[in-house]
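Just so we're on the same page, our numbering is the position in the sequence shown counted from 1, plus 6.
Backbone N, C-alpha and C fix where the C-beta goes; we use that ideal spot for every residue, glycine too.
These figures come from a predicted structure and were not determined experimentally.
Below: one structure, written as structure tokens.
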Amino acid sequence: MAGLASAFILFGLCTVICFVLLYLPYGMGQLVSDLTSGIAIEQLGQYLGITVLACMGYGSVFMATGLLFRNPLIPIVLIAGWEGIHFILPPALKIFSVIYYLKGLLPIPMDEGPLAVIVAPPPVWVSIVGMFGLCLLTVLATIFLLKRLEIKYTDE
7 MAGLASAFIL FGLCTVICFV LLYLPYGMGQ LVSDLTSGIA IEQLGQYLGI TVLACMGYGS
67 VFMATGLLFR NPLIPIVLIA GWEGIHFILP PALKIFSVIY YLKGLLPIPM DEGPLAVIVA
127 PPPVWVSIVG MFGLCLLTVL ATIFLLKRLE IKYTDE
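This is the structure we're talking about:
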């Protein structure tokens, strides 16, 4: 929980700063107008919710990876590469990506470029339940593996 809290503080703060910086070309008057009408607060809340789910999803995957592998650098690079090429994956493989579920929650859809394979995003409830399910599954697997982990204090 401490890792999730610290990750959310870091990435949530970055999300808020980037959200405010997006209004720089339009002036502070537009930001104040959107804040008073509730549009900006609603969108910022959605982005912060997505940030929490991303911290949960990626944090649990990387925690399990760190436990499973003695040197997790190569698996983490492979996971990051998989997430990086998400936009060109066929629809059957996109479901094995954390970003697939997070993109379905975005209030404003992103353009993925001319090479992207367009797939309908999952429903909101599937994305949210999927992220909680992934987190629960990886944490339970990590607990199971930690219980079976044998630490030898006598060997140097």
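Within the stretch 55 to 111, no complete beta strand (DSSP E) segment of 3 residues or longer occurs. Per the coordinates, the alpha-carbon of Thr144 lies some 28 Å from the alpha-carbon of Leu50. With 16 or more other Cβ atoms from the protein chains shown falling within 10 Å of its own Cβ, Val104 counts as buried.
Around the beta carbon of Met34, a 10 Å sphere encloses fewer than 16 other beta carbons of the protein chains shown; the residue is thus reported as exposed. In this structure Lys153 is exposed. Its beta-carbon is surrounded by fewer than 16 other beta-carbon atoms within 10 angstroms. One alpha carbon belongs to Arg76, the other to Ala70, and they sit about 11 Å apart. Rounded to the nearest angstrom, the gap between the Cα atoms of Leu140 and Ser66 is 8 Å.
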